[in-house]
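All remarks here apply to the structure that follows.
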Amino acid sequence: MSQTAEIRLLKEITRHPAALTISLLTGLLSTAGSLAVPLITRQVIADVSAGRSVNWLVIGAFAIALASAAAQGGSAYLLARIGSHMVYRIRVAVMSHILRLPVQHIKAEGAGALTSRITSDALMLRQVIDVGLAQMPASALLVAASIAAMAWLNWLLTLVSAGVFALVGIAIVFMFKWIKANAIEQQTALGSIAGRFSSHLDAITTIKASSAEDTVEEDLSREADRVRRIGLTGDVLQAAILPVLAGGQQVALLAIILVGSVQMSHGTLSVASFSAFVLYLLQLAAPVMLLFTGFGRLRIGQAVKDRFNVLLATPREQDGRQPATRLPETRDNTGIVFDKVSYGYPGTEQQAITDLSFFVPRHGLTTLVGPSGAGKSTVLSLIERFATAQQGHIYILGTDIHAWSLHDLRRNITYVDQAFTLLQASVRQNLSVQRKEPIADAELWDALGSVGLTAAVAALPEQLDTVIGAETDLSGGQRQRLALARALLSDTELVILDEPTSQLDGINEDRFRSIIEDLARTRAVLVVAHRLSTVRSARHVIMLDEGGLVKEGPHDVLLENCEPYRELHAAQTLT
1013 MSQTAEIRLL KEITRHPAAL TISLLTGLLS TAGSLAVPLI TRQVIADVSA
1063 GRSVNWLVIG AFAIALASAA AQGGSAYLLA RIGSHMVYRI RVAVMSHILR
1113 LPVQHIKAEG AGALTSRITS DALMLRQVID VGLAQMPASA LLVAASIAAM
1163 AWLNWLLTLV SAGVFALVGI AIVFMFKWIK ANAIEQQTAL GSIAGRFSSH
1213 LDAITTIKAS SAEDTVEEDL SREADRVRRI GLTGDVLQAA ILPVLAGGQQ
1263 VALLAIILVG SVQMSHGTLS VASFSAFVLY LLQLAAPVML LFTGFGRLRI
1313 GQAVKDRFNV LLATPREQDG RQPATRLPET RDNTGIVFDK VSYGYPGTEQ
1363 QAITDLSFFV PRHGLTTLVG PSGAGKSTVL SLIERFATAQ QGHIYILGTD
1413 IHAWSLHDLR RNITYVDQAF TLLQASVRQN LSVQRKEPIA DAELWDALGS
1463 VGLTAAVAAL PEQLDTVIGA ETDLSGGQRQ RLALARALLS DTELVILDEP
1513 TSQLDGINED RFRSIIEDLA RTRAVLVVAH RLSTVRSARH VIMLDEGGLV
1563 KEGPHDVLLE NCEPYRELHA AQTLT
């Protein structure tokens, strides 16, 4: 599926024409067997009344019934395979699309809501195959053929039955509209509770430390009750279909008994034909029920498909590549340049940074400092193009940021975030996530040794191949050092570290400074720093406040000439 491709159920279903054709043919055989049984019964009654033998007719009826059941089972199996493949393709396409959405959109949508698209939504779409395709065509054929046989047996009784079921059908059509609306509401509510529960689990330490389990439970209970009430409405609508159909069948049966009795008393209808007609009417109940249920499932499937298509229509991150522009040669030795950059949060008038200009040298350590809310995180987001500047220019390695493709830009930047995020994958995969080619074990162990993690990883059950990422296998400091080892193994020209020493003790902080100094000899290293030890060793310091530049330069120069920097320095010294 392309970036904006819609899900088209017919196209998805017909991707396996051979299996689909065989399934439909076996379904037709099953239907033919079901149609034959009442006619054989009619003949049996007629032969018994005439004193003729019915042994072969009875044997034939049993054989047809068994063959019909076997054909139905084969058809159901093939359609189940088609459904599994369809759900697989849709899940992969949706996951691929979500991974390429803008970060801001993913955060706004919520992990829980997006996860529900590939779990519960995908399973509901599977019902289109399980009910809509597996049962509806055969049911429709069985209904049509049964009605034709009934009309051949007695047209008047057929008209009576059709009149009753027509009234039932009108009532159910209105119910389907409510079912579709309820399905959309249900899936939205499920996404909401999944998102809330996921966020609460992420904050479980805070919840327990605050003894807030009861408060959180009440909040989740309200969400669960909302889901229950919406689901109950849908259950009532679905459940109402059966009694409406059953009631219609009973009324139709009563009507044909009355009319049929009159006809038999006048000799215009035989007992055998009447018995066959009643069997066809009773046999109609199951396929008619499946038809109406199938239409309900199709309405739900349509609603879910629409939810998928709304998501797939959301634009992915755009490269937005422009003709390459470069800085003047006098500034070509810079790693990062901000030139009068402004950025405001979408949907608000609040400016995160305003008319901001600074530079990061091509080699060496640069620290970004400032009080909370100064704009440091926004600067990092703009560098990675998680957000786009509304004014000004940003240059990366001497070239305008929009002249880079997103892939090439991020392949040239190693980014370690505040949470030291690890993938729920093996240690090996976490270390090599930014390298395309395989990394030798010796190189991986060297990087782990540099950050003091050799013993910790060696103690894991499968060492480098141990799956981690659940926040219980490594301590906070170890996770931080593993993220730093990943930066060591990268081959990028820019390294960005967001508050990298927050969970390091004194010994490991000394090791960190040594590693950063080694990295900075050949790369541009930008560190959002809070500790004075990191700031002092920096070649270049950039101080921000309220979204603007206060001053930039060497630590000693800022300490001497910049009052806000001295105050920040003094505050950190006291703490």
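Residue numbers (my numbering): 1013 to 1587.
By construction, the Cβ of each residue, glycine as well, lies at the ideal position given by its N, Cα and C atoms.
For the putative contact between residue i and residue j, defined by C-beta atoms under 8 Å, what is the C-beta separation to the nearest angstrom?
{"i": "V1353", "j": "L1368", "result": "5 Å"}
{"i": "S1289", "j": "M1162", "result": "At residue 1289 the sequence reads Phe, which differs from the Ser that was named. The pair is a contact, with the Cβ atoms about 6 Å apart (cut-off 8 Å)."}
{"i": "M1301", "j": "L1249", "result": "About 15 Å separates the two Cβ atoms, so there is no contact after all."}
{"i": "V1428", "j": "A1386", "result": "About 20 Å; that fails the 8 Å criterion."}
{"i": "S1128", "j": "G1203", "result": "4 Å"}
{"i": "D1510", "j": "Q1446", "result": "16 Å between Cβ atoms; not a contact."}
{"i": "V1271", "j": "L1165", "result": "13 Å between Cβ atoms; not a contact."}
{"i": "I1508", "j": "I1406", "result": "That belief does not hold up - the Cβ atoms of I1508 and I1406 are roughly 13 Å apart, past 8 Å."}
{"i": "A1401", "j": "L1443", "result": "Contact doesn't hold; Cβ gap of about 33 Å is too wide."}
Do you know how far the Cα of residue j is from the Cα of residue i?
{"i": "S1132", "j": "T1504", "result": "40 Å"}
{"i": "T1016", "j": "V1115", "result": "Low confidence applies here, because T1016 scores a pLDDT of 49, under 50, leaving its location unreliable; read the following figure in that light. If I take the Cα positions, the gap works out to 18 Å."}
{"i": "R1241", "j": "I1182", "result": "27 Å"}
{"i": "H1278", "j": "A1264", "result": "21 Å"}
{"i": "Y1100", "j": "E1230", "result": "36 Å"}
{"i": "G1175", "j": "A1267", "result": "11 Å"}
{"i": "V1106", "j": "Y1577", "result": "48 Å"}
{"i": "G1086", "j": "R1138", "result": "18 Å"}
{"i": "L1538", "j": "Q1330", "result": "25 Å"}
{"i": "V1070", "j": "A1048", "result": "12 Å"}
{"i": "F1286", "j": "A1044", "result": "21 Å"}
{"i": "A1582", "j": "L1571", "result": "10 Å"}
{"i": "E1455", "j": "T1326", "result": "41 Å"}
{"i": "S1282", "j": "L1294", "result": "18 Å"}
{"i": "P1473", "j": "L1111", "result": "31 Å"}
{"i": "V1060", "j": "Q1199", "result": "57 Å"}
{"i": "I1076", "j": "Q1055", "result": "15 Å"}
{"i": "W1457", "j": "A1088", "result": "53 Å"}
{"i": "A1120", "j": "Q1490", "result": "30 Å"}
{"i": "T1390", "j": "I1102", "result": "34 Å"}
{"i": "H1117", "j": "L1434", "result": "21 Å"}
{"i": "S1273", "j": "A1193", "result": "45 Å"}
{"i": "T1251", "j": "F1307", "result": "Here the sequence assigns Ala to residue 1251, which means Thr is not the residue at that position. Taking the straight line from one Cα to the other gives about 14 Å."}
{"i": "T1342", "j": "D1351", "result": "Confidence is the limiting factor: at T1342 the pLDDT is only 43, short of 50, which leaves the residue's position unreliable and the question unanswerable from this model."}
{"i": "L1303", "j": "L1113", "result": "39 Å"}
Please return the same chain residues whose Cβ sits closer than 8 Å to the Cβ of residue i, not counting the five positions on each side in sequence.
{"i": "A1195", "result": "M1136, G1246, R1311, I1312, A1315 and V1316"}
{"i": "A1083", "result": "T1038, G1039, L1041, S1042 and G1045"}
{"i": "M1276", "result": "S1282, V1283 and F1286"}
Using 7 Å as the threshold, is the C-beta distance between residue i and residue j below it?
{"i": "I1052", "j": "A1079", "result": "no"}
{"i": "G1382", "j": "M1555", "result": "yes"}
{"i": "L1296", "j": "S1151", "result": "no"}
{"i": "S1438", "j": "V1469", "result": "no"}
{"i": "A1364", "j": "G1559", "result": "yes"}
{"i": "G1347", "j": "L1506", "result": "yes"}
{"i": "E1018", "j": "N1321", "result": "yes"}
{"i": "G1464", "j": "R1523", "result": "yes"}
Which residues in the same chain as residue i place their Cβ atom closer than 7 Å to its Cβ, once the five residues preceding and following it in sequence are excluded?
{"i": "P1149", "result": "L1036 and G1039"}
{"i": "S1210", "result": "A1123 and G1124"}
{"i": "T1360", "result": "none"}
{"i": "V1239", "result": "A1201, L1202 and I1205"}
{"i": "A1459", "result": "L1443, A1497, L1500 and L1501"}
Which word fits residue i, buried or exposed, when buried means at least 16 other C-beta atoms lie within 10 angstroms of its C-beta?
{"i": "I1451", "result": "exposed"}
{"i": "W1167", "result": "exposed"}
{"i": "S1502", "result": "buried"}
{"i": "E1564", "result": "buried"}
{"i": "A1536", "result": "buried"}
{"i": "W1068", "result": "exposed"}
{"i": "K1388", "result": "buried"}
{"i": "P1255", "result": "exposed"}
{"i": "E1024", "result": "buried"}
{"i": "E1579", "result": "exposed"}
{"i": "G1461", "result": "exposed"}
{"i": "L1421", "result": "buried"}
{"i": "V1104", "result": "exposed"}
{"i": "T1026", "result": "exposed"}
{"i": "Q1362", "result": "exposed"}
{"i": "G1095", "result": "buried"}
Leaving aside the five residues before and after residue i along the sequence, list all residues of the same chain whose C-beta is less than 6 Å from its C-beta, in chain order.
{"i": "P1050", "result": "A1288, L1291 and Y1292"}
{"i": "F1398", "result": "V1115"}
{"i": "V1562", "result": "M1555 and P1576"}
{"i": "A1532", "result": "G1376 and L1377"}
{"i": "A1298", "result": "none"}
{"i": "V1540", "result": "L1380, K1388, D1510 and E1511"}
How about residue i: is its C-beta nearer than 7 Å to some C-beta of chain C?
{"i": "R1578", "result": "This model lacks chain C altogether, as it is built from one protein chain only."}
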